[in-house]
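*Asks:* This is the structure I want to talk about, given as structure tokens.
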Amino acid sequence: MSTRLPRPLLAAVAGACALSLAACAAPESKDSTSSSTASGTSAAADPATATSAEALGGMAALEAAAKKEGALNVIALPPDWANYGEILKNFAAKYPEIKITSAQPDAGSADEIDAAKRLAGQSTAPDVFDLGPAVALANTAMFAPYKVTDFDKIPAELKDPGGAWVNDYGGLMTVGYDSAKVPAPTKLADLLGSAYKGKVALNGNPVKDGAAFAGVQMVAIAEGGSAADPTKGIEWFKKLKDAGNFLPLDPTPATIVSGQTPVVVDWSYNQVSITPKLATWKLWAPENAPLMTYYVQAINKEAPHPAAARLWQEYLYSADGQNSWLKGGAKPVLFDAMSTAGTLDKTAEGALPKTGTPVIPSAQDTDKAKAILAKEWANAIG
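In my numbering, the protein residues as written are 1032 to 1413.
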């Protein structure tokens, strides 16, 4: 598991990490063609309303405007989550004039939106969001439309046509387990057995957090339901709780390594990051339920540093940014385009979990599932 374990997990850590130059402290616990000829923004250019780098005069102008702002606020980006630690370090090294403040690294998607509302108008408000789809689609009015340079290469189903939001990276929903503490599961029914008593944790609250939301969807599919109707997944988790096997503790790398959460339902990119810390940590996914969901990248409409926010997006969707996610065990949204162009990191590509054609929930699936979970989850689980 990458450490964004914590994010969906919602460990609710409120610490902030300031990045400058090439350093990022690692806490435990997304159609325009840009030009590089401009040397600065024009008098009429406004980064807060620019919908592309070209609208500001090209990438050089965007870079100049971002360096002038000198700051970027990100939120809910654990360093081990999909390799965000490397991304933050590399961005800081490329743009040392821009100080990055990484707030609440272990927060959940809903916390990002809450922070933007609470800090609106202040210099400490988040500039950008990295959100689970359910939370993102419910808050699109808060996003500023922007199309990165390679926007036209992103599949149509993985972006808003106007650029309000763009999928960024995806992961396979998996069950991670400590093979030294529990037997290897071969079917979901195994997790209801006595060998897993008090040992199965879900990465967060599915009503609030993207990883937990997708975990319930995966179980629903495996149990004969669908991504749009998680009822069977909710029923299964109720059985898990009634059996005494559901562990109501948000997992983190620390809880996994210490043995507190020996079984965790979470993204593959979170799971693979645990293995270097715990050699007995293994991954399993139900063969009949390969579920992949992409997170959503967006710019805060009221970003205090609008040029830096847009430059951050350009970096994330560059080959460097996309390959960093890939090295973290996630599938970047430009995977196919980069494969064709020959710019994928081949070693990282080969390390991705192998699976059949995954189910990728649509926006409609997400909306329907969200409504059902909001109504039924608390009644079933408490």
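Beta carbons: idealized from backbone N, C-alpha and C, even for Gly.
Enumerate in chain order the residues of its own chain whose CB-to-CB distance from residue 1247 is below 7 Å, with the five nearest sequence positions on each side excluded.
*Replies:* Result list for residue 1247: 1237, 1261, 1264, 1265, 1268, 1404, in chain order.
*Asks:* Rounded C-beta distance between residue 1196 and residue 1328? I'm assuming under 8 Å.
*Replies:* Yes, residue 1196 and residue 1328 are in contact; Cβ-Cβ is about 7 Å, under 8 Å.
*Asks:* Between the beta-carbon of residue 1107 and the beta-carbon of residue 1138, is there less than 8 Å?
*Replies:* Yes, they are a contact pair.
*Asks:* If residue 1202 and residue 1361 are in contact, beta carbons under 8 Å, what's the gap, nearest whole angstrom?
*Replies:* About 5 Å separates the two Cβ atoms, so the contact holds.
*Asks:* Quick check on residue 1344: buried or exposed, where buried means 16 or more other Cβ atoms within 10 Å of its Cβ?
*Replies:* So residue 1344 ends up on the buried side.
*Asks:* Where residue 1275 and residue 1244 are concerned, what is the direct C-alpha to C-alpha distance, given to the nearest angstrom?
*Replies:* Their backbone Cα atoms lie some 21 Å apart in a straight line.
*Asks:* Excluding the 5 residues preceding and the 5 following residue 1170 in the sequence, name in chain order all residues of the same chain whose CB lies nearer than 6 Å to its CB.
*Replies:* Closer than 6 Å at the Cβ level, and outside the excluded window around residue 1170, lie 1144.
*Asks:* Which one of 1305, 1083, 1258 has the shortest CA to CA distance from residue 1398?
*Replies:* Cα-wise, what sits closest to residue 1398 is 1258.
*Asks:* Is it the case that the Cβ atoms of residue 1365 and residue 1348 are separated by a distance below 8 Å?
*Replies:* Yes, the pair counts as a contact, with Cβ atoms nearer than the cut-off.
*Asks:* Quick one: grab the DSSP three-state call for residue 1247.
*Replies:* Residue state, collapsed to three classes: helix.
*Asks:* Determine whether the beta carbon atoms of residue 1249 and residue 1134 lie at a separation below 8 Å.
*Replies:* No, they are not a contact pair.
*Asks:* Which residues in the same chain as residue 1210 place their Cβ atom closer than 8 Å to its Cβ, once the five residues preceding and following it in sequence are excluded?
*Replies:* The residues are 1311, 1312, 1313.
*Asks:* Are there 16 or more other CB atoms within 10 angstroms of the CB of residue 1372, so buried, or fewer, so exposed?
*Replies:* It is exposed - the Cβ of residue 1372 has fewer than 16 other Cβ atoms within 10 Å.
*Asks:* Just to confirm, is the Cβ distance from residue 1131 to residue 1355 under 8 Å?
*Replies:* Cβ atoms of residue 1131 and residue 1355: not closer than 8 Å.
*Asks:* Whose C-beta lies closer than 6 Å to the C-beta of residue 1407 among residues of the same chain, with five residues either side of it excluded?
*Replies:* Within the same chain, residue 1407 has close Cβ partners 1265.
*Asks:* Could you say which of 1273, 1231, 1316, 1323 lies nearest to residue 1280 if we only look at CA atoms?
*Replies:* The shortest Cα separation from residue 1280 among 1273, 1231, 1316, 1323 belongs to 1231.
*Asks:* On a Cα-Cα basis, can you pick out the residue from 1096, 1378, 1177, 1103 that is closest to residue 1192?
*Replies:* When each option's Cα is compared against that of residue 1192, the closest is 1177.
*Asks:* How big is the Cα-Cα spacing for residue 1228 and residue 1277?
*Replies:* Whole-angstrom Cα-Cα distance: 8 Å.
*Asks:* Is it right to say residue 1401 is buried, meaning 16 or more other beta carbons lie within 10 angstroms of its own, or is it exposed?
*Replies:* Its Cβ being crowded by 16 or more others within 10 Å, residue 1401 is buried.
*Asks:* Which residues share a DSSP beta bridge with residue 1106?
*Replies:* Answer is 1134, bridged to residue 1106.
*Asks:* When burial is assigned at 16 or more other CB atoms within 10 Å of the CB, is residue 1341 buried or exposed?
*Replies:* So residue 1341 ends up on the buried side.
*Asks:* Could you give the first and the last residue of the continuous alpha helix (DSSP H) run that contains residue 1413?
*Replies:* Note, residue 1413: premise wrong, no alpha helix (DSSP H); not H, not E.
*Asks:* Taking only the alpha-carbon atoms, compute the straight-line gap between residue 1175 and residue 1085 and give it to the nearest angstrom.
*Replies:* Each residue's alpha carbon lies about 16 Å from the other.
*Asks:* Using DSSP with H/G/I as helix, E/B as strand and the rest coil, what is residue 1286?
*Replies:* DSSP places residue 1286 in helix when its eight states are reduced to three.
*Asks:* Tell me, please, which residues DSSP counts as bridged to residue 1325.
*Replies:* Partner(s): 1201.
*Asks:* Please list, in chain order, all residues of the same chain as residue 1414 whose beta carbon is under 6 Å from its beta carbon, the five residues on each side excluded.
*Replies:* The shown model of the chain, from 1032 to 1413, leaves out residue 1414, and the question about it has no answer.
*Asks:* Please report the Cβ distance between residue 1129 and residue 1089, rounded to the nearest whole angstrom; I am assuming they are in contact, meaning their Cβ atoms lie under 8 Å.
*Replies:* That belief does not hold up - the Cβ atoms of residue 1129 and residue 1089 are roughly 18 Å apart, past 8 Å.
*Asks:* Starting from the N-terminal side, write out each stretch of the alpha helix (DSSP H) that is 4 residues or longer and does not extend beyond the stretch 1138–1204.
*Replies:* Taking only runs of at least 4 residues, the alpha helix (DSSP H) segments lying wholly in the stretch 1138–1204 are 1140–1149, 1164–1168.
*Asks:* Please determine, among 1309, 1146, 1322, 1300, the residue with the shortest C-alpha to C-alpha distance to residue 1380.
*Replies:* Nearest option by C-alpha distance: 1300.
*Asks:* Can you grab the Cα-Cα spacing for the pair residue 1233 / residue 1206, in whole Å?
*Replies:* If I take the Cα positions, the gap works out to 9 Å.
*Asks:* Between residue 1255 and the rest of its own chain, which residues show a CB-CB distance below 7 Å, the 5 nearest in sequence each way excluded?
*Replies:* Answer for residue 1255: 1263, listed in chain order.
*Asks:* Which residues in the same chain have their Cβ closer than 6 Å to the Cβ of residue 1303, if we skip the five residues on either side of it in sequence?
*Replies:* Cβ within range, chain order: 1360.
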